[in-house]
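*Asks:* Protein chains in written order, with the working numbering: chain A, 1 to 379; chain B, 380 to 758.
Protein chains: 2
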Amino acid sequence: MPSIDEVAARAGVSTATVSRALRGRAGVSPDTRDRVLAIADAMGYVASSSAAGLATGRNMAIGVLVPVVHRWYFSSAIEGVDRKLRSRGYDLDLYSLGGHGTNRERVFHRSMLRKRIDGLVVLCMALTDEELAALHALEQPVIVVGGPVEGCRHISIDDRAAVRDATEHLLGLGHERIVHLAGGGSFGIDFSVPRLRAAGFEDAVAAAGLAVGPESTLFGDYAVGTAKDVVARALAGDPGRRPTGIVASSDEMAFGALLAAAEAGLRVPEDVSVIGIDDHEFSEVFGLTTIRQDPIAAGERAASILLAELEHEPGVPTDQPATEPHELILRRSTGPAPLLATAASGSSRAGRGVIERAGGHAASRPMGAGLNRSRARTV
Amino acid sequence: MPSIDEVAARAGVSTATVSRALRGRAGVSPDTRDRVLAIADAMGYVASSSAAGLATGRNMAIGVLVPVVHRWYFSSAIEGVDRKLRSRGYDLDLYSLGGHGTNRERVFHRSMLRKRIDGLVVLCMALTDEELAALHALEQPVIVVGGPVEGCRHISIDDRAAVRDATEHLLGLGHERIVHLAGGGSFGIDFSVPRLRAAGFEDAVAAAGLAVGPESTLFGDYAVGTAKDVVARALAGDPGRRPTGIVASSDEMAFGALLAAAEAGLRVPEDVSVIGIDDHEFSEVFGLTTIRQDPIAAGERAASILLAELEHEPGVPTDQPATEPHELILRRSTGPAPLLATAASGSSRAGRGVIERAGGHAASRPMGAGLNRSRARTV
DNA sequence: TTGTAGGCGTTATCAA
DNA sequence: TTGATAACGCCTACAA
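#1: Looking only at C-alpha atoms, which of A:237, A:288, A:271 sits nearest to residue 256 of chain A?
#2: For residue 475 of chain B, does the three-state DSSP call read helix, strand or coil?
#3: Of all Cβ atoms in chain B, is any one closer than 8 Å to the Cβ of residue 70 of chain A?
#4: Thinking just about the alpha-carbon of each residue, which of A:21, A:150, A:176, A:298 is nearest to the one in residue 272 of chain A?
#5: Quick one: what's got a C-beta closer than 7 Å to residue 328 of chain B's C-beta in the same chain, skipping five residues either side?
#6: Mind reading off the beta-carbon distance from residue 216 of chain A to residue 179 of chain A? Whole number of angstroms is fine, and I expect it under 8 Å.
#7: One question on the structure: do residue 610 of chain B and residue 545 of chain B come within less than 8 Å of each other, judged by their Cβ atoms?
#8: If you run the structure through DSSP and keep just helix, strand and coil, what is residue 380 of chain B?
#9: In chain B, which residues lie less than 8 Å from residue 335 of chain A when you measure between Cβ atoms?
#10: Does residue 224 of chain A get closer than 8 Å to chain B when you measure Cβ to Cβ?
#11: Can you tell me the Cβ-Cβ gap for residue 522 of chain B and residue 681 of chain B, rounded? I've got them flagged as a contact below 8 Å.
#12: State whether the region 236–251 of chain A contacts the region 264–281 of chain A, with contact taken as three or more CB pairs (one from each stretch) at a distance under 8 Å.
#13: Of all Cβ atoms in chain B, is any one closer than 8 Å to the Cβ of residue 149 of chain A?
#14: For the region 605–630 of chain B, list every residue whose C-beta sits within 7 Å of some C-beta in chain A, in sequence order.
#15: Which residues in chain B sit within 8 Å of residue 331 of chain A, going by Cβ to Cβ distance?
#16: What do you get for residue 396 of chain B, buried or exposed, if any count of 16 or more other CB atoms within 10 angstroms of its CB means buried?
#17: How do the region 445–453 of chain B and the region 31–40 of chain A stand: do at least 3 beta-carbon pairs fall below 8 Å, yes or no?
#18: Identify whether residue 657 of chain B lies in helix, strand or coil by the three-state DSSP scheme.
#19: Within the region 4–71 of chain A, note down every full beta strand (DSSP E) run reaching 3 residues or more, in order along the chain.
#20: Would you mind telling me which residues of chain A sit closer than 9 Å to residue 458 of chain B, beta carbon to beta carbon, in chain order?
#21: Are any of the Cβ atoms in chain B nearer than 8 Å to that of residue 163 of chain A?
#22: So, with DSSP's three-state summary, where would you put residue 108 of chain A?
#23: Using the beta-carbon count (16 or more within 10 Å), is residue 729 of chain B buried or exposed?
#24: Buried or exposed: which applies to residue 538 of chain B, given that a residue is buried once 16 or more other Cβ atoms fall within 10 Å of its Cβ?
#25: According to the neighbour-count rule (16 or more other Cβ atoms, all chains shown, within 10 Å of its Cβ), is residue 214 of chain A buried or exposed?
#26: For my contact list, residue 122 of chain A and residue 638 of chain B are in at a C-beta cut-off of 8 Å; report their separation, rounded to the angstrom.
#27: Against residue 76 of chain A, what residues of chain B qualify as contacts under a CB-to-CB distance less than 9 Å, listed in chain order?
#28: Show which residues of chain B have a CB atom less than 7 Å away from the CB atom of residue 83 of chain A.
#29: Can you tell which of A:171, A:224, A:191, A:229 has the C-alpha that lies nearest to the C-alpha of residue 205 of chain A?
#30: Between residue 51 of chain A and chain B, is there a C-beta pair that is closer than 8 Å?
#31: To which residues of the same chain is residue 379 of chain B closer than 8 Å at the C-beta, ignoring the five residues directly before and after it?
#32: Kindly indicate which three-state DSSP category residue 680 of chain B falls into: helix, strand or coil?
#33: Could you please give the first and the last residue of the uninterrupted alpha helix (DSSP H) stretch that includes residue 613 of chain B?
#34: For residue 384 of chain B, does the count of other Cβ atoms within 10 angstroms reach 16, so buried, or fall short, so exposed?
#35: Kindly indicate the opening and closing residues of the alpha helix (DSSP H) around residue 167 of chain A.
#36: For residue 703 of chain B, name the three-state secondary structure that DSSP assigns.
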């Protein structure tokens, strides 16, 4: 790990010239530039980021703050941010709250302010006013990926419309006893997303002229296990009254619902339809109809915006960015609502598992027109 | 973001004293220390990491190199590393290859050598000789989490023993037509793990006096989808010849196997038993019997070792660390091998899903004695 | 116990 | 086009 003056000495030039050459600055003759580059490369020289950071005030790194790494949405978004950053020569500092919400204070008041990063991507968390103030005080660009956070621009799908679309899909198939398998605000995760999704469900149900009551919501807490339990209980009831359609606010919860249905001996989608949100990597094998979103793309876009700002690129999109698209993916977990008379007698075919082919079903109602770039396709 | 001399001025002392006080060095009177601390706190002072790093040569950050973030093992291990690091005041720099293996060169030759990190945790990747050399040249402590990598100490379970245990569990239940649902070396992931696991399977099968042929292995590539497809094909065969037991080298592949069995109309575990490795968070809802490992703990331990080395803690465990424990978790996906006569007639009960209760099964054979701290328990 | 001053490795300013 | 040289902000002998 040679230093810049060793390179300079070897090249017979000053450190200033080496610096200029290596950074691609103007004012260096092609000859010397090539020579310096060759020598630096041969010596394996790489500038120390601390020194460069001290001198320039730029760290070539951005931070990513997550409630927890180990979840589909977060790990995907991290991947997206990383991809974009890496391609632009930036490093990524990861700050995980580890699901605890502890060390939260430390993250904010120590690591982040150490001038180690040039910008911050916050994944889907609710921030306290104090934290928001601290961030703004940093005078560093910040962007949220995941849910609207007051006082911050954010990148996400239109959560309300997404769940509305999902619900409308089921309504279009004739379902009338529909429940929302809702998530909550674990992990210090932003509350606005669950709230928006619940609203989307209610929008659609109400628009269909159906009633929305307390029984319309099952609390799955964004977890397979909880979802499975709660759905199992709901499906155990009177066949004439149990839900025929389940709108899950996340695919993971939808998996729980599918497993619960299977264990209850119900066929999907003949007895009960399930639709999720996400398009998790397991969704295809589960045959789960879902609303797809792409957190990797969201992460990439967030990083792009931050970088554009840091590098003063022209046309900086400094305001609230446009909404990310979502898309209905038709698979086998949704189908026409069972006839009421039939519903009670169902679940009698032998040896079928979680997944049933739904003899040619499709959204019998076109997805709403103004639905934010949403499309539908069959996979 | 005040600098150290502003704090010094305000406190009426020199920068040296401020530095000493803040870093908890000896040689500062309690009075001045308290005063300095209070003032620094009030001013919101935090030392610049670049400056501190330049001066001390320590960055208070360690790097984590992963093939891809978005997978159970990796995101868990990252979480573990992060947890430990955070508790010790270190930052975590994430380097993801993003599944591509591209930018690999960049990661190694730019980011990491920029003196931005004090040590490196490599997750489960095969390293080229050149990369290994580069790492050693850094003169920074390195540790691998996940699989043995030549020339590097590593932290992992005994993969061979783990799969051997899994296989013996099935053998103990009387299974004789057992297949290994194997993973591969995607993502530039280390090849040694798949190889070790295959060996463990063969160990057990051979020890039981059964034959191991080409048909004993299904290639699931560590992916649910592939696993499901390949198992579906295997189960479609002659009931008298198809496997009655499946040892999956990962839980995700085991899920694929369970789904394939369900779609084929086979009951689990009456018709076919499935055991996995990992204890993925979905395993419980799937009722999957599996060999548990704890990547979070592995990550924590790796970080601890690195930190101990960096801080010159006494008793530095600089050598190859002890193996991580694994443990058999009994659930509902494994049961006694079907009687051959019965096997053909199976799968006739109505409306059962993926998961079947296995009327009281258990390992009918105690787990081998010398099996590396493995235990068994029912969940 | 406290202060002074040099150095860490780069970048940037200003001359040449 | 190049080269001195002063920051950058902090840490730490060394002196007091």
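All C-beta atoms in this analysis are idealised placements derived from N, C-alpha and C, irrespective of residue type, glycine included.
*Replies:* From the atom records:
#1: Indexing the first sequence from 1 puts residue 256 of chain A at position 256. Among A:237, A:288, A:271, the Cα nearest to that of residue 256 of chain A belongs to A:288.
#2: Locating residue 475 of chain B in the second sequence gives position 96, where the first residue counts as 1. In this structure, residue 475 of chain B counts as strand in the three-state DSSP scheme.
#3: Position 70 of the first sequence, counted from the start, is the residue given in the question as residue 70 of chain A. Chain B, which has a Cβ nearer than 8 Å to the Cβ of residue 70 of chain A, makes this yes.
#4: Within the first sequence, residue 272 of chain A is the residue found at index 272, counting from 1. Closest option to residue 272 of chain A, Cα to Cα, is A:176.
#5: This structure cannot settle anything about residue 328 of chain B, because the visible part of chain B is limited to 380 through 758.
#6: Here the question's residue 216 of chain A lines up with position 216 in the first sequence. Here the question's residue 179 of chain A lines up with position 179 in the first sequence. Yes, they are in contact, since the Cβ atoms of residue 216 of chain A and residue 179 of chain A sit about 6 Å apart, within 8 Å.
#7: What you label residue 610 of chain B is simply residue 231 of the second sequence in a count that begins at 1. What you label residue 545 of chain B is simply residue 166 of the second sequence in a count that begins at 1. No, they are not a contact pair.
#8: For the purposes of this step, residue 380 of chain B is taken as the residue at position 1 of the second sequence. Coil at residue 380 of chain B, not helix or strand.
#9: As a position in the first sequence, residue 335 of chain A is number 335, starting the count at 1. Going along chain B, no residue has its Cβ under 8 Å from residue 335 of chain A, so there is no contact; the nearest lies around 16 Å.
#10: The residue you call residue 224 of chain A lines up with position 224 of the first sequence. It does: the Cβ of residue 224 of chain A has a partner Cβ on chain B nearer than 8 Å.
#11: As a first step, residue 522 of chain B must be located in the second sequence, where it is residue number 143. As a first step, residue 681 of chain B must be located in the second sequence, where it is residue number 302. By a beta-carbon distance limit of 8 Å, residue 522 of chain B contacts residue 681 of chain B. Their separation comes to about 5 Å.
#12: yes
#13: Along the first sequence, read from residue 1 onward, the residue named residue 149 of chain A stands at position 149. Judged by the 8 Å Cβ criterion, residue 149 of chain A is not in contact with chain B.
#14: Residues are counted here when their Cβ sits less than 7 Å from a Cβ of chain A; for the region 605–630 of chain B these are 607, given in chain order.
#15: Start at 1 with the first residue of the first sequence, and residue 331 of chain A comes out as number 331. Against residue 331 of chain A, chain B offers no close residue; the least beta-carbon distance is about 13 Å (beta-carbon pairs closer than 8 Å).
#16: Stepping through the second sequence from its first residue, residue 396 of chain B is reached at position 17. It is buried - the Cβ of residue 396 of chain B has at least 16 other Cβ atoms within 10 Å.
#17: Contact between the region 445–453 of chain B and the region 31–40 of chain A is absent, because fewer than three Cβ pairs lie under 8 Å.
#18: Residue numbering aside, residue 657 of chain B sits at position 278 when the second sequence is read from its first letter. Residue state, collapsed to three classes: strand.
#19: Here the runs fully enclosed are 61–66.
#20: Counting from one through the second sequence, the residue named residue 458 of chain B turns up at place 79. Here the neighbours are 68, 69, 70, 96, 98, 99.
#21: If you number the first sequence from 1, residue 163 of chain A lands on position 163. No - not a single Cβ of chain B is within 8 Å of the one on residue 163 of chain A.
#22: Numbered from its first residue, the first sequence carries residue 108 of chain A at position 108. Looking at residue 108 of chain A - three-state DSSP - the assignment turns out to be helix.
#23: Counting from one through the second sequence, the residue named residue 729 of chain B turns up at place 350. Per-residue confidence for residue 729 of chain B stands at a pLDDT of 33, beneath the threshold of 50, marking its modelled position as unreliable; the derived number appears in the next sentence. Counting of Cβ neighbours within 10 angstroms places residue 729 of chain B among the exposed residues, the total staying below 16.
#24: To locate residue 538 of chain B, count along the second sequence from 1; it is residue 159. Here residue 538 of chain B is buried: its Cβ has 16 or more other Cβ atoms, across all protein chains shown, within 10 Å.
#25: Translated into the one-based positions of the first sequence, residue 214 of chain A becomes position 214. By the neighbour-count rule (16 or more Cβ atoms within 10 Å), residue 214 of chain A is not buried but exposed.
#26: Translated into positions along the first sequence, residue 122 of chain A becomes position 122. Translated into positions along the second sequence, residue 638 of chain B becomes position 259. Not quite, the Cβ-Cβ distance comes to about 36 Å (not below 8 Å), so this is no contact.
#27: Indexing the first sequence from 1 puts residue 76 of chain A at position 76. By Cβ distance, chain B contributes 448, 449.
#28: The residue you call residue 83 of chain A lines up with position 83 of the first sequence. Within chain B, the residues near residue 83 of chain A are 477.
#29: Walking along the first sequence from the start, residue 205 of chain A turns up at place 205. Here the closest residue by C-alpha is A:171.
#30: Working through the first sequence from its first residue, we reach residue 51 of chain A at position 51. Judged by the 8 Å Cβ criterion, residue 51 of chain A is in contact with chain B.
#31: In the structure displayed, chain B extends from 380 to 758; residue 379 of chain B sits before or after that span and is not available.
#32: Residue 680 of chain B sits at position 301 when you count from the first residue of the second sequence. Assignment of residue 680 of chain B by DSSP, reduced to helix, strand and coil, places it in the helix class.
#33: The count along the second sequence starts at 1 and reaches residue 613 of chain B at position 234. Residues 603–614.
#34: The residue you call residue 384 of chain B lines up with position 5 of the second sequence. Exposed.
#35: On the first sequence, residue 167 of chain A is found 167 positions in, with the first residue counted as 1. 159–172 is the span of the alpha helix (DSSP H), which, as asked, contains residue 167 of chain A.
#36: Within the second sequence, numbered from 1, the residue matching residue 703 of chain B stands at position 324. DSSP places residue 703 of chain B in strand when its eight states are reduced to three.
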